[in-house]
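As given, the protein sequences belong to chains W and U, one line each in that order.
Residue numbering for the first sequence is 1 to 260, as defined by UniProt numbering.
Residue numbering for the second sequence is 1 to 154, as defined by UniProt numbering.
Down below is the structure, laid out as structure tokens.
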Amino acid sequence: MLELLQTLGKTTRSAFAKLGRGTFFLLHTLTGISEVLPRPNLLVKQVYSVGVLSFLIITISGLFVGMVLGLQGFNILSDFGAEESLGVMVAASLVRELGPVVSALLFAGRAGSALTAEIGLMKATEQLSGMEMMAVDPINRIISPRFLAGFLAMPLLAALFSAIGIMGGHLVGVGMLGVDDGAFWAQMQASIDFHEDIVNGVIKSVVFGFVVSWIALFEGYDAIPTSEGVSRATTRTVVNSAFSVLALDFILTALMFGDI
Amino acid sequence: MQHSKTQDTLVGFFVASGIAALFYMALQVSNLGSYTSDDSYTVIAHFQNSGGLKVKSPVSIAGVRIGRVSSIRLDRDSHESVVEMRIESKYNNIPMDSGASIYTAGLLGEQYISIDPGSSEEYLHDKSQLDITSSAIVLEEMIGKFMLNKAEGK
């Protein structure tokens, strides 16, 4: 019994300690951004590895998600004779939810895990301590550009995902199932509001980009510098990112669209 | 990872396509492309029952959308629904004695206001009121009347 209490206390204490370290890490990273801006080359490199390399998986997944939405939506809507609303259904579900959420999950799997492994290995091979020895702040030099790149790339990836998904839905709905082209777009434009739907979707993806980049970089920086530690940190990145993205999505949706 | 011009180009392509996707959604997917400009004037109409009419419901003449409903509220004295609509300024030759009716698009579709042009020489301007109105058709009421007529007919 006493042992159980002890374990509980220890877990709580270490959870809070980690939260504290994470917050300090985030503050340090954010102040480091001012050092990144005069050196855009650092940022370009990271946007390449975080954004450009995720481009393919995001666009292809977006296309297929849109096509599935078109197919499933058509089957259900045609029961009510409302196939013309397919455009609204595809666009609303992509722009509001699936675009930001699925691309954030893919981003965590594709870019987040790579970031954690990279930082964790840098720590394990003492590159970070080496930098400190040379009086270079590793957070400003290594972490901040990566954080800013993830933060910038995420909304762009989510927008690409939604746009290509809508094209995929159009391809299936109009091209293959014979929904009227004009009704598809007109109903979509009549129901999707720029501020309410698209801007809120972008805000969601900005928040997700912030959180996923933070988790990925912090897990890497905080990893136990062994091969096992790095592998565990990578797993934690994907699991924690997915969990935070889905939980935050509910909170953001409740704030934006719900009357809670 | 070497830093090269190819990398710069790819990053540029990535950012450009992301921004293009945003613009695409803003113009093609959302209502921003057909957004009512500030160039509009307000017309007021009193309805006995505005049914399922909502703010932003379309206002049309002969099936062409000329504006949107901007507010719906209750008149405290007459217990009527006061509907304000914003009509685009380019449609400034709507006769004063036009009528406004609330119709439903399709059997279960959304409700909209249709304006039937009158013959007056005077035209609607900002804050003018449409006097001839006909309320929304409430399906339950209609079915009730139909049933009543059926019962009496027997």
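We put the CB at the ideal spot given by N, CA and C, even for glycine.
Helix, strand or coil for residue i, going by three-state DSSP, please let me know.
{"i": "V206 (chain W)", "result": "helix"}
{"i": "F14 (chain U)", "result": "helix"}
{"i": "V64 (chain U)", "result": "strand"}
{"i": "M85 (chain U)", "result": "strand"}
{"i": "H170 (chain W)", "result": "helix"}
{"i": "I215 (chain W)", "result": "helix"}
{"i": "M1 (chain U)", "result": "At M1 (chain U) the pLDDT is 49, less than 50, meaning the model places this residue with poor confidence; the figure from the coordinates comes in the next sentence. Three-state result, M1 (chain U): coil."}
{"i": "S70 (chain U)", "result": "strand"}
{"i": "V59 (chain U)", "result": "strand"}
{"i": "Q28 (chain U)", "result": "helix"}
Taking just the CA atoms, how far does residue j sit from residue i?
{"i": "N49 (chain U)", "j": "Y103 (chain U)", "result": "12 Å"}
{"i": "V90 (chain W)", "j": "W214 (chain W)", "result": "31 Å"}
{"i": "A117 (chain W)", "j": "K56 (chain U)", "result": "51 Å"}
{"i": "M142 (chain U)", "j": "L148 (chain U)", "result": "10 Å"}
{"i": "L71 (chain W)", "j": "G169 (chain W)", "result": "8 Å"}
{"i": "A183 (chain W)", "j": "S103 (chain W)", "result": "28 Å"}
{"i": "V44 (chain W)", "j": "G12 (chain U)", "result": "9 Å"}
{"i": "S78 (chain W)", "j": "Y123 (chain U)", "result": "45 Å"}
{"i": "G201 (chain W)", "j": "V88 (chain W)", "result": "15 Å"}
{"i": "E80 (chain U)", "j": "R73 (chain U)", "result": "9 Å"}
{"i": "M176 (chain W)", "j": "F74 (chain W)", "result": "11 Å"}
{"i": "M154 (chain W)", "j": "G258 (chain W)", "result": "24 Å"}
{"i": "N31 (chain U)", "j": "R96 (chain W)", "result": "15 Å"}
{"i": "T237 (chain W)", "j": "L121 (chain W)", "result": "15 Å"}
{"i": "S71 (chain U)", "j": "V83 (chain U)", "result": "6 Å"}
{"i": "P145 (chain W)", "j": "P225 (chain W)", "result": "22 Å"}
{"i": "K5 (chain U)", "j": "L157 (chain W)", "result": "22 Å"}
{"i": "N140 (chain W)", "j": "T235 (chain W)", "result": "25 Å"}
{"i": "A124 (chain W)", "j": "S227 (chain W)", "result": "8 Å"}
{"i": "L86 (chain W)", "j": "L139 (chain U)", "result": "26 Å"}
{"i": "D193 (chain W)", "j": "I76 (chain W)", "result": "24 Å"}
{"i": "R13 (chain W)", "j": "D197 (chain W)", "result": "41 Å"}
{"i": "A163 (chain W)", "j": "A21 (chain U)", "result": "6 Å"}
{"i": "K90 (chain U)", "j": "Y41 (chain U)", "result": "10 Å"}
Determine the extent of the beta strand (DSSP E) in which residue i is found, giving its start and end residues.
{"i": "G99 (chain U)", "result": "99-104"}
{"i": "Q111 (chain U)", "result": "111-116"}
{"i": "V43 (chain U)", "result": "40-47"}
What are the boundary residues of the alpha helix (DSSP H) that residue i is part of?
{"i": "D249 (chain W)", "result": "227-256"}
{"i": "H28 (chain W)", "result": "2-36"}
{"i": "S191 (chain W)", "result": "181-191"}
{"i": "Q46 (chain W)", "result": "40-47"}
What runs of the beta strand (DSSP E), each 3 residues or longer, lie entirely inside the stretch 124-150 of chain U? For the stretch 124-150 of chain U, whole beta strand (DSSP E) runs of length 3 or above, ordered along the chain, are 128-130, 132-134.
Ignoring anything shorter than 4 residues or poking outside the stretch 71-133 of chain W, list the alpha helix (DSSP H) runs there in chain order. Complete alpha helix (DSSP H) runs here, min 4: 86-93, 99-107, 113-124, 127-133.
For the stretch 104-121 of chain W against the stretch 149-161 of chain W, are there 3 or more C-beta pairs whose distance is under 8 Å? These segments touch.
Could you tell me whether the stretch 16-26 of chain U touches the stretch 54-72 of chain U, using the rule of 3 or more Cβ pairs below 8 Å? Under the three-pair Cβ rule at 8 Å, the stretch 16-26 of chain U does not count as touching the stretch 54-72 of chain U.
Per the contact definition of three or more C-beta pairs closer than 8 Å, is the stretch 54-68 of chain W in contact with the stretch 238-252 of chain W? The stretch 238-252 of chain W makes no contact with the stretch 54-68 of chain W, as fewer than three CB pairs between them are under 8 Å.
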